[in-house]
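Start counting the sequence shown at 77; every next residue gets the next number (the numbering used here).
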Amino acid sequence: MITIDVLLSENQIADELVAALANRNLPEKFFYWFPTSVRAWISLCSDGAYRNFMRSQTLLQNYAAELVAHLPRGDVEVISLGAGQGVKDLLVLEQLRAAGRTPHYVPVDASQALLEMACELATKSGFSCRGVKADLANAEHLAQLPHDRSGPPRLVMILGNTLGAFDPIDYGARLARLLRPQDHLLIDGEIFSAEATMSGYDNPLNRRFAFAPLRSIGLEEPRDGALEFTSDTDSRRSGLHRVRKHFRAARDLELLIAGETIRLQVGQQIEMNWSYKYAREAFLALLQEAGISPAAQHLSDDGRFLMVLGRRP
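This is the structure in structure tokens:
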């Protein structure tokens, strides 16, 4: 049996979906909510062509033992923000166990389906696990995560360039507030390359995943419109790049969502979730400005993905 604490209910997500689409917006959590989206995500991660998943996973396969060596001995609470199906997390849990530590796993995700997968995977592998269904964009939800100051040391993980789904300048400070002096943060990010980054998004496999929530509400491409990718830079900080996507209606549309009618006129757009990418120096600067000092860092073989273990001084 798995245990999941619910901070974000399914009814809340349904209500927020209607409100978001009414505002011509589709935030991050909805890309992992619909069954079609979950299947598309699992398919994407199972294909070696999805480079960011492979880069993050390979870094853990190569360096998890070294990263774990930085942690205090004994019990460790492993809090994974945006855990997804938990495949990468399992590499860390297994390395902690191999090093004689006792991990207690807390996967956090907005997707009930993916959270169940993460909990089942950990439980079947013999690990203590208690999931939390929460919206990582909600500061109140983050504040309700385990925060016993007398509890065991924590390893807070946010992997797979998950930081890029939020405002990285603001979110770094939120992550720092989760850390006590004895805790560590394991985080990674994609190093921006104009041509390679965009080709990683605008390809058939990723387009299938990106369009999945729209397909779930009855839209088809190209009949109803087109999914378009763009990139821009964040003027607030050098070295911050953002991949954006939107759906542009090719005809007048009327969508029935949870009993509510949403209308789109030809040419109108639904803005979809974005993903930040970084210059290496900018990524490290974001952590340092949030009060997180790197204890170890590793770069993928192709130089396109940086993983950092950090802590508050």
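Think of the CB as a built atom: it goes at the ideal place given N, C-alpha and C, for glycine as much as any other residue.
- Just how far apart, CA to CA, sit A159 and V152? Whole-angstrom Cα-Cα distance: 17 Å.
- With DSSP as the reference, please indicate the residues paired to I267 in a beta bridge. In the DSSP assignment, I267 forms a beta bridge with Y354.
- Query: Can you name, in chain order, every residue of its own chain whose Cβ lies under 6 Å from the Cβ of Y139, other than the five neighbours on each side?
  - Reply: H374, listed in sequence order.
- Item | Rounded Cβ spacing between I245 and R312 (contact assumed at less than 8 Å) | That belief holds up - the Cβ atoms of I245 and R312 are roughly 7 Å apart, short of 8 Å.
- Task: In the DSSP assignment, find the beta strand (DSSP E) that holds Q258 and state where it starts and stops.
- Result: Here Q258 belongs to no beta strand (DSSP E), and DSSP marks it neither H nor E.
- Task: Using three-state DSSP, classify H146 as helix, strand or coil.
- Result: In the three-state DSSP reduction, H146 falls in the coil class, being neither helix nor strand.
- Spell out the partners DSSP gives H223 in its beta bridges. BP columns for H223 are empty, so no partner.
- Message: Nearer than 8 Å: is that true of the beta carbon of I263 relative to any heavy atom of the ligand FMN?
- Response: Among the components modelled here there is no ligand, and therefore nothing to report on the ligand FMN.
- Message: Taking the alpha-carbon of P389 as reference, which of L191, A371 and S376 has the nearest alpha-carbon?
- Response: It is A371 whose Cα lies nearest to the Cα of P389.
- Hey, does G150 have any beta-carbon neighbour from chain D nearer than 9 Å? Absence of chain D from the displayed structure is noted, only one protein chain being present.
- Query: For S307, which option in I267, Q345 and S351 has the closest C-alpha, if you only look at C-alpha atoms?
  - Reply: The shortest C-alpha separation from S307 is found at S351.
- A96 versus D243, L290, D264 and L197, residue with shortest Cα-Cα distance: Ranking the options by Cα distance to A96, first place goes to L290.
- Task: Locate the beta strand (DSSP E) running through P370, then write down its first and last residues.
- Result: Counting along the chain, the unbroken beta strand (DSSP E) around P370 starts and ends at S369 to L375.
- Looking only at DSSP bridge pairs, what is I80 linked to? Paired residue(s): G207.
- Top-ranked residue by Cα proximity to L239, from P229, L231 and R250: Ranked by Cα distance from L239, the options P229, L231 and R250 are led by R250.
- Query: For N99, is the classification buried or exposed, using 16 other Cβ atoms within 10 angstroms of its Cβ as the cut-off for buried?
  - Reply: Burial call: exposed.
- Message: Cutting at 8 Å between CB atoms, please list the residues of its own chain near S132, excluding the five before and the five after it.
- Response: So the qualifying residues of the chain are K164, L235, G236, N237, D264, F381 and M383.
- Using a Cβ-Cβ cut-off of 8 Å (strictly less than) and excluding sequence neighbours within five positions of V182, which residues of its own chain qualify? Within the same chain, and ignoring the five residues on either side of V182 in sequence, the residues whose Cβ sits closer than 8 Å to its Cβ are E153, V154, I155, S156, C205, R206, G207, V208, L221 and P222.
- Assuming A319 and Y277 make a contact with CB atoms under 8 Å, what is their CB distance in whole Å? Rather than Ala, the amino acid found at residue 319 in this sequence is Val. Going by Cβ atoms, the distance from V319 to Y277 rounds to 6 Å, so yes, they are a contact pair.
- Would you mind sorting V184 into buried or exposed? The rule is 16 or more other CB atoms within 10 Å of its CB. When all chains shown are included, V184 counts as buried.
- Query: Which two residues bound the contiguous beta strand (DSSP E) that contains R318?
  - Reply: According to the DSSP assignment, R318 belongs to the beta strand (DSSP E) that extends over L316 to A325.
- Put D165 into one of helix, strand or coil per three-state DSSP. Note: D165 maps to helix in three-state DSSP.
- Item | Delimiting residues of the alpha helix (DSSP H) encompassing I333 | Annotation for I333: no alpha helix (DSSP H) segment contains it, though the beta strand (DSSP E) segment containing it runs L329 to I333.
- Message: Can you tell me whether K200 is buried or exposed? The criterion is at least 16 other CB atoms within 10 Å of its CB, across all chains shown.
- Response: An exposed status is given to K200, since fewer than 16 other beta-carbon atoms sit within 10 Å of its beta-carbon.
- Item | Among T337, L281, R327 and A325, nearest to W117 - alpha-carbon criterion | Checking every option, the nearest Cα to that of W117 belongs to L281.
- Can you name the residues that DSSP bridges to M348? For M348, which the question treats as bridged, DSSP gives the partners L102.
- Query: First and last residue of the alpha helix (DSSP H) that includes L212?
  - Reply: For L212, there is no enclosing alpha helix (DSSP H), since its DSSP letter is neither H nor E.
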